[in-house]
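In the order they appear, the protein sequences are chains R and B.
Start counting the first sequence at -8; every next residue gets the next number (the working numbering).
Start counting the second sequence at -3; every next residue gets the next number (the working numbering).
Beta carbons are placed, not taken as given, at the ideal position from N, Cα and C, and that holds for glycine.
The next block holds one structure in the form of structure tokens; read it before the comments.
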Amino acid sequence: MLDLVYLVPLIPLLGFLTIGLLGKAIKKELVIGIIGSSAVGLSFLVTALIFFDMLSNPLSKAHIVTIYQWFEAGGLNVSISYQIDQLSILFALVVTGVGFLIHIYSIAYMKGDRSFYRFFAYLNLFIFMMLNLVLSSNFLLTFLGWEGVGLCSYLLIGFWYDRKFEGVRIKWTGDAGNKAFIVNRIGDFGFLIAMFLIYVTFNSLDYVQVVDAASESSKLLFGTGTITAITLLLFLGCTGKSAQLPLAVWLPDAMAGPTPVSALIHAATMVTAGVFLVARSSILFALSPAAMTVVAVVGVATAFFAATIGIVQNDIKKVLAYSTVSQLGFMFAALGVGAFTAGVFHVMTHAFFKGLLFLGAGAVIHGLHEEQNIKRMGNLRKYMPKTYITFFIATLAISGIPFFSGFFSKDEILWHSFSDGNSLLWLILSICAFFTAFYMFRLLYLVFFGKERFNTRTVHPHESPASMTVPLIILAALSALGGFLGVPEPLGAWFSDSPHLLHSWLAPLFQNSEIIIKNAGAEASHSLTMEYLLILISVAVAIAGIMLARKYYSDENWTKPRQLASTFKPIYSALYHKYRLDEIYAYLVVDPIFNSSQKFLWRVFDMKFIDGIVNGTAKVTVQLGEYIRRFQFGLVQNYALVMLAGIVLILFFLLF
Amino acid sequence: METVLITLFLPLLGSLLILFFKRDNVKAIKYSALGFSVLTFIVSLFLFFSFDSANPDFQFRFEAIWISQFDIGFRVGIDGMSLLLLMLTAFLSPITVLSSFGAIQKREKEYYVMILLLEFAMIGVFISLDLFLFYVFWEIILIPMYFIIGIWGGKERIYAAVKFFIFTVVGSLFMLVAIVWLGYYVGSTILHSPAGFTSDLILIRNTLFESAIPLDIEKWIFLAFALSFCIKVPVFPLHSWLPDAHTEAPTPGSVILAGVLLKMGTYGLLRFNVELFPASSIEYSTLMSWLAVIGIIYGALMAMVQTDFKRLVAYSSVSHLGFVVLGIFSFTAEGIQGGIIQMVNHGLSTGMLFMCVGVLYERRHTRQISEYGGIARVMPNFAVFFAIAMLASVGLPGLNGFVGEYLTLLGAFRSPILDSYVFTIVAAIGVIFAAVYLLWMFQRVMFGAVENPSNHTLKDLSKREWLSFVPIVVFIVWIGIYPRTFLNISEQSTRALVNKVHQVKFKNQPLPFPDTPILKGEE
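Laid out in structure tokens, this is it:
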């Protein structure tokens, strides 16, 4: 069964080729939609079969399936091969599972689009690339998937390439796509150099060999500059793909793409690739305490940065985008303190509830004829009850209300940030959790409650068709119940010895890394009372956030928030403009490079200096010729005269 | 008869034959040019399939005495590297001819004579095993190229053609001096042969490997060759002929210029500079690598600010070929293999980019990027091909460009001779810029709404254009997902070369090849 893993990426690839090459000829949207969805659905089935196989016959070590040798030169030998282990299969399940639901949803969502087939071709290509990323057995194939998903993201952000989109230095949706690709390329630069360093250090790019070599020589490698450089460079790649500071700027603009794309790529799957990469190379990170600190700090800083911006945004997708950035920050904070399982757990639950939130947002936008401003919505629960209920469940999950999925995963992160990190990390993350509950319920109130703030005569919101609501309902079920895969000890000890299923599942992968971290760090504080207390605090924080949002936004005039916005105008404006990070980059990075290239390098150096030398040489040669030509005046008598003068001169020298 | 000779002389035969055609019989001229170039490609396939890639030596050798007094001969032969470049030439020539059908609308007879003559000389350059013969082919190329730019080019064609000519001639004069000196030195000083001179490349190479020229003299010979080749590549700061020549040349001229002619420079660096003067090559490796990485960044920055579509692609060549030079002067198997495959890649993807520019130029007769916008809407099929060429140039994994870039960067990174990470790091920044200028160009030309009314009615690709794009795409993808087909061909000759250079550098020490990882070294 395990050897069939090649089918998992292959089927979506075939889907992409079929739709891409024949889509125009097929024409029928439903046929294209079914081909695209079933490709992902089948891929999910195969993944599930492999998963169940693994449940019944646990793997003692990673199972590698090699397809063929990719390239080979000198000592380098890289193959296209897939690695089945607990981590890769978990990610593959999420990617194909959530991917399948979003494909189904898209059939109705994209109905009537001019380039319907192109959309599904891109989506299938994306799934193929994402599967390569997570199933790969070496860094280089992961890199292929990594840049491949970046390509799909680029293509899908600019899918409606002739539509305008507003942003700093952005005019068209394609500009937003460019921004995403280029910012990611900066991260990929880090990934690339990290791979070179890994190769010269471990003489291999295969995960198994690198991990084995690293654990064998962990004493030798611990804390060395090389390992720190490798991990920091890898992490630079992660900050690009997973939109962390300082490269977080692209994700909000990525909302230019169709909403299912935002759900699939920019919330549920691609942006978590950074978490995957850190988890995959957890042993390397464990060997560098410095890098771990950087990861934790960046994660926390990003969580705070994005959560605060999310509070004041008015575009439904922008709110969710900043929320995604913030939640990714939570995941990295977890990874940074060594709680790898918690990070991966949050990837999973986040895929459920954030995927659901985006799909719900898509239904709302659709129902309101492309309206995205939440200040022009309201009372939609009356018109779209199913969307409302599912959206509400997802909101509860992300806010961390007990027993919804987000509660378990977020709580685990908060607990680890306290016990393995320090109280400051915990404090900031708790504040972020408060903001999260606040901005999510603000969104909920503005969209689904209150009075209609749109023109009810021209706009008639309606519930979406079943093919859109069924995926919502399934995701809602997962958002509600998915957390029970990771029940923390204090809450689950009464029914099982190891209630945290995910932890036991991933244990073989993270064991070594966790031991290294434990050995290196101070004794972690593991008091059960403390854990209970923190759970209570985090629930209280979430409820406080909700209550505040309720207080502010159940009032139709938003008196209090308006008042606050005008009192703290500078702060409000800074948050509204995303701390002006885009402008800072534009003025401090983009402009200087572009202007100096254009005004100096090109116009002066290349055109005046280099070409000047060339043309100058030519000119001098020509003029020299002109000058010398004067001696060839063609009068024989004069030649004779010159000759005579010469002879006299020579004789003169010879004689005296 | 020898297949290699058929491959060489078929284009010449075609060229001579077309001379006898009536000038108004354009159709016959076009199709016989196409026929001859296709035939050449088919014949070259025989070379490809009968080539033994396990053998690092020259194969299909043929030798005939030419000027016996000076031991100058008609000596040809093929090793892995020359086979790949020969195949590239034979592959791109029919495509070039095909794209000439639309681009060339005057004096067709002369044009196709020139194109086939050019193919003949280019193949000659890549298979010559005689310095003098090489020089002859090298100079022959100038003639058709000069006319192609000067007659069928754009507005500033005369300036561009003269500039191209003078640059190359200046370089090749230095090379000629070096060839004469070298032939004389090896012939009389070392071998004391009766002729007192030789231009037999293999003989010279083997002799020099046994008894090298004293380094302080060798350096000058190295520099003379290097100057000539660096102008051709072009290596920064000798690039200034290239944007003009590329921009003014007609589309097929740019394709052949970017696709094949520039490779003669990098080929020469590898074949002559590195093989004949390994000691000097090592001596100058830091300088060459710096010029390469400066070229990568500089070319990218220049490309970024261009408003002329073709100039942008031209500057991108400066950037892309920097990778090849960097790979060569890393003296690692990865780097050189990467450099060789990158030569092929650049030929395919930049050639295709020029064809894309040509497609638009033929429809709109302008090269200004700002004249376009939203073209994807009116030419959706073209958009797909253009996107593939663009992404291949960006170096997206899964397409050809990535393989070359990755290997050259890796080679430079772990090179014991360069012994510094800085080259790779700077060059990798160039990879970021490649995305910037290419994506931005694509955005401005293809995306957005159609705002210029004259773009509303553009016709999508014709059958002929499809026919010229599809084969290139096949190879772009092929090299991207299964580069071993091509890497294997030059693997053995590269290994032999690397070993040789390492022997010169590290004398009797154990070779750093196969690898000794740092980790094991520390234990």
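Burial state of residue i, where buried means 16 or more other Cβ atoms lie within 10 Å
i                 : result
GLY517 of chain B : Unreliable positioning characterises GLY517 of chain B in this predicted model, as indicated by a pLDDT of 38, which lies under 50. A coordinate reading is not provided.
VAL173 of chain B : exposed
ASN548 of chain R : exposed
ASN446 of chain R : exposed
GLN628 of chain R : exposed
VAL595 of chain R : exposed
PHE193 of chain B : buried
Test: residue i CB closer than 8 Å to a CB of chain R
i                 : result
ARG460 of chain B : no
GLU330 of chain B : yes
SER389 of chain B : no
TRP286 of chain B : no
VAL399 of chain B : yes
PHE327 of chain B : no
GLY323 of chain B : no
MET339 of chain B : no
LEU138 of chain B : no
TRP436 of chain B : yes
PHE409 of chain B : yes
MET298 of chain B : yes
Assigned secondary structure, residue i (DSSP; H/G/I helix, E/B strand, else coil)
i                  : result
ALA330 of chain R  : coil
GLN74 of chain R   : strand
GLN364 of chain B  : strand
GLN235 of chain R  : coil
LEU395 of chain B  : strand
ARG267 of chain B  : helix
TRP549 of chain R  : coil
PHE509 of chain B  : Confidence at PHE509 of chain B is low in this model, with a pLDDT of 46, below 50, so the placement of that residue should be treated as unreliable; the coordinate-derived value is given next. Three-state DSSP puts PHE509 of chain B in coil, outside helix and strand.
GLY181 of chain R  : helix
ASP196 of chain B  : strand
THR(-1) of chain B : helix
TYR152 of chain R  : coil
Chain-order list of residues whose beta-carbon lies under 8 Å from that of residue i (same chain, five-residue window excluded)
i                 : result
ASP456 of chain B : VAL374, MET375, PRO376, ASN377, PHE378
VAL121 of chain B : PHE130, PHE133, TRP134, ILE137, MET260, TYR263
Residue i versus the options, residue with shortest Cα-Cα distance
i                 : options                                : result
LYS599 of chain R : B:LEU138, B:SER236, B:GLU59, B:PHE56   : B:SER236
ALA596 of chain B : B:LEU1, B:VAL39, B:ASN202              : Not covered by the structure: residue 596 of chain B. The range shown for chain B is -3 to 519.
GLU106 of chain B : B:THR194, B:SER195, B:SER168, B:LEU13  : B:LEU13
VAL466 of chain B : B:TYR402, B:ASN448, B:SER366, B:SER345 : B:SER345
ILE175 of chain B : B:ILE74, B:GLY444, B:LEU435, B:LEU272  : B:LEU272
SER40 of chain B  : B:ILE63, B:PHE87, B:LYS26              : B:PHE87
ILE177 of chain R : B:ILE428, B:ARG440, B:THR453           : B:ILE428
TYR478 of chain B : B:PHE398, B:ILE217, B:GLU461           : B:PHE398
ILE537 of chain R : R:ILE93, R:PHE180, R:ILE392, R:LEU131  : R:ILE392
Residues of its chain near residue i, where Cβ-Cβ distance is below 6 Å and the 5 sequence neighbours each way are ignored
i                 : result
LEU43 of chain B  : THR(-1)
VAL469 of chain B : ILE384
THR219 of chain R : SER279, ALA281, ALA282
ILE157 of chain B : First, the amino acid is wrong: residue 157 of chain B is Ala here, not Ile. Answer for ALA157 of chain B: TYR142, ILE145, GLY146, listed in chain order.
PRO140 of chain B : MET110, LEU113, LEU114
GLN101 of chain B : none
GLY335 of chain B : VAL320, GLY323, ILE324, THR404
Same chain, Cβ closer than 7 Å to residue i, neighbours up to 5 away in sequence not counted
i                 : result
ALA520 of chain B : Nothing about residue 520 of chain B can be read from this structure; chain B reaches only from -3 to 519.
PHE56 of chain B  : GLU(-2), THR(-1), VAL0, LEU43, GLY73, ILE74
ILE425 of chain B : ILE293
GLY354 of chain B : SER95, ALA99, THR247
LEU92 of chain R  : PRO462, ILE465, LEU466
Residue-chain proximity (residue i, chain B), Cβ-Cβ < 8 Å
i                 : result
SER209 of chain R : no
LEU268 of chain R : no
ILE184 of chain R : yes
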